[in-house]
Structures are given as structure tokens and as C-alpha cells.
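*Asks:* Position in the sequence shown counted from 1, then plus 567, gives you our numbering. Mind having a look at this structure? Questions to follow.
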Amino acid sequence: MLRAALVLLLFIPLAIAQPPREEFPPPSALPRTSEELANGKTISRPLQPTARQLHNSSHADWLFQTDGGLFDPDPTNFPLSAAIPFQTWLSADLSLAWASRSSLPPLATSNLLAAPTLNHPATTVVLGNGKTPVRNLGGGRFTAGWWADGERTLGLETTFHVLGTATESERVNGGGAGNPLLARPLFNSRTGEEDVVYIAHPRMLGALTVSQSLRVQGWDATALLNLLSGDGWFVHAIGGYRYFQANEGLRFDQTSEFYRQLPDQPATAAYRTSAADQIDAHNR
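Below, the structure written as C-alpha cells:
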């Protein structure tokens, strides 16, 4: 008992001799700034920004400065899309157009009594000499664009558009005994008078097909300049080069089969001919 009491008496002075414990200063004594929260209370110690440390120093040569700070295009360090200061876009549209009617001259004539020239009163125009039907053209438009900056103030755009070929065809045929003469009217430069090229007559069977085609295509390359923009709307000024081309064609396909009539024998085919004429027009 005596030994335990002596040990306790020795530790009591040591405990009493410990320095007093340091107290934290009251909140009123801490330095404050002028920054405030939304509720009006001040922030005693606001968080301070620190520089971002790169994980891979080998990509330091790819760093570049933007309004948001330093970016590293290494996908393991930072998303590549966030480091690209421009945008691209692609679009495709379907188009449907209607071509206006065009006028055609007389292309085929018929006459039962004489050569089917246009100046003969008994001649009838069986092909042409009127308006062609309205033609539908289907196609598309394909656009690719690129903004040069993240604010979308300056960009480039290119577009290609095409309307597929629309073709309308008409056909007439005739010939044989008792049928009218069928021909293509023309002006004979040798005689200076109207003349015809026969398609069919009593000793010749023939047919004529007339095809009219139309194709439209073009492209443009323009620069875009943003003038005004808002929430969901914008106004752009464009300038550049635009190319437009319309191709029209008129084709004649004629076939004729001649017959030979011998006394007291049925008519037999002697020979057959085919001819084609193509007329093209290109508007650019």
C-alpha cells in the first residue's frame, strides 16, 4: 500500500505541470472576406482554385490555352471533345419537284389521201404540237458544314443537290393497206418546201417513239457569318459560289419494216431499218 501511494504522489505533480490546452479562436476572430452566400451570410474561408495536375507529362506539347483554361487532348486525362473548339454537321434531305410544261412542235402527222405535210388540209398531227405533261422529279440534297470557332460566328458549308432524270415517252405506229400514211414533217432545204420522212405507208409497217428527259443537279460552297442569334433562333449571312445545271433531251426512235408484193403471192418482209435522233440542251 505504501509503495502504491508513493507512485501516485509522484505522477500528480507531473500532471499538474502540463501546459494549458490551446483553444480555437472564436468565429468572430477569424478573418472574413466580402463574399456572401445567396442567403446573405458571409463566407469565412471560400475555396480557392488550384491548378490541375496532368496525369501524363508526355502530352504537355498538346496543351493549348482557351477561355476555360488549359486542356489536354489525351483521352485518359480529359475528354477529347472538350478540347476541340469547333463543330461539324451533316444533313440529308429528300426533294420532290415538278417541271413545268414545255411546248413541242408537230413530231408525227397522218394523212389518208396524200403525203401528210403540214400544209395539206387533210393532215392530222398525231404526236407533238402541244404541251407536254407535268413531270415529277425526285432527288435529294446533302449538306456538310464546319464551324471555325466554338461561338459559331464563322463557318463553311458545302451542299450537293440532284433531281433524278424524269422521262416521258409517247409512241405512234401504223402502216399496211387501208391505213393512213404516217410520217415525220420537216422542211426540205433543197426544194425550199415542206416535206416528210415516212414512218409507215401501205407497203411499210413502222413506229415512232419520242422521249423527252430532264435532269437537274448542282452544288455550292459558301461561308457563314452569324449576325444575330438567340434562344433557338439565328440570322446568318452567306456568301460563296453556287453552280446549277439543267439537262434536257429529246430522242426519236423509229423502226420501219418494208414489204415486197409479188403477183399472186402474199406480201413478204424485205428488210427492216432503225433510226435514232438525239437532241440535247445543257443550261448552266
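Heads up, the beta-carbon is just placed ideally off N, CA and C, and yes, glycines get one too.
Where do the N-terminal and C-terminal ends of the beta strand (DSSP E) with D660 fall, by residue?
*Replies:* To locate residue 660, count along the sequence shown from 1; it is residue 93. Segment 655 to 666, the beta strand (DSSP E) holding D660.
*Asks:* Using the Cβ count rule (16 or more neighbours within 10 Å means buried), how would you classify Q779?
*Replies:* What you label residue 779 is simply residue 212 of the sequence shown in a count that begins at 1. Burial call: buried.
*Asks:* For the candidate residues G799, D787, V763, whose alpha-carbon lies nearest to that of N755?
*Replies:* Position 188 of the sequence shown, counted from the first residue, corresponds to residue 755. Of the candidates G799, D787, V763, the one whose C-alpha sits nearest the C-alpha of N755 is V763.
*Asks:* Check S756 in the structure and name its three-state DSSP category.
*Replies:* For the purposes of this step, residue 756 is taken as residue 189 along the sequence shown, with counting starting at 1. S756: coil per DSSP, three-state reduction.
*Asks:* Relative to the C-alpha of V692, which candidate in T710, N703, L671 has its C-alpha closest?
*Replies:* Indexing the sequence shown from 1 puts residue 692 at position 125. Among T710, N703, L671, the Cα nearest to that of V692 is on L671.
*Asks:* Can you tell me the Cα-Cα spacing of R782 and V802, whole angstroms?
*Replies:* Working through the sequence shown from its first residue, we reach residue 782 at position 215. Working through the sequence shown from its first residue, we reach residue 802 at position 235. The straight-line gap from Cα to Cα measures roughly 33 Å.
*Asks:* Mind reading off the beta-carbon distance from L794 to L721? Whole number of angstroms is fine, and I expect it under 8 Å.
*Replies:* For this step, residue 794 is matched to residue 227 along the sequence shown. For this step, residue 721 is matched to residue 154 along the sequence shown. The Cβ separation is near 11 Å, so there is no contact.
*Asks:* Do you know offhand how far A681's Cα is from L748's?
*Replies:* Along the sequence shown, one-based indexing puts residue 681 at 114. Along the sequence shown, one-based indexing puts residue 748 at 181. Cα-Cα distance, rounded: 8 Å.
*Asks:* Measure how close the beta-carbons of A750 and P769 come, nearest whole angstrom, since I'm counting them as under 8 Å.
*Replies:* The count along the sequence shown starts at 1 and reaches residue 750 at position 183. The count along the sequence shown starts at 1 and reaches residue 769 at position 202. Between P769 and A750 the Cβ distance is about 13 Å, and since that is not below 8 Å, they are no contact.
*Asks:* Straight-line CA distance for T676 to Q784?
*Replies:* Translated into positions along the sequence shown, residue 676 becomes position 109. Translated into positions along the sequence shown, residue 784 becomes position 217. Between T676 and Q784, the C-alpha separation is close to 35 Å.
*Asks:* Is L679 helix, strand or coil when you go by DSSP?
*Replies:* For this step, residue 679 is matched to residue 112 along the sequence shown. Coil.
*Asks:* Going by beta carbon distance, what residues of the same chain come within less than 6 Å of F811, once the five residues before and after it are set aside?
*Replies:* Sequence index remark: in the sequence shown, residue 811 carries index 244 (1-based). Closer than 6 Å at the Cβ level, and outside the excluded window around F811, lie G785.
*Asks:* On the criterion of 16 or more Cβ atoms from any shown chain inside 10 Å, does L772 qualify as buried, or is it exposed?
*Replies:* Stepping through the sequence shown from its first residue, residue 772 is reached at position 205. Label assigned to L772: buried.
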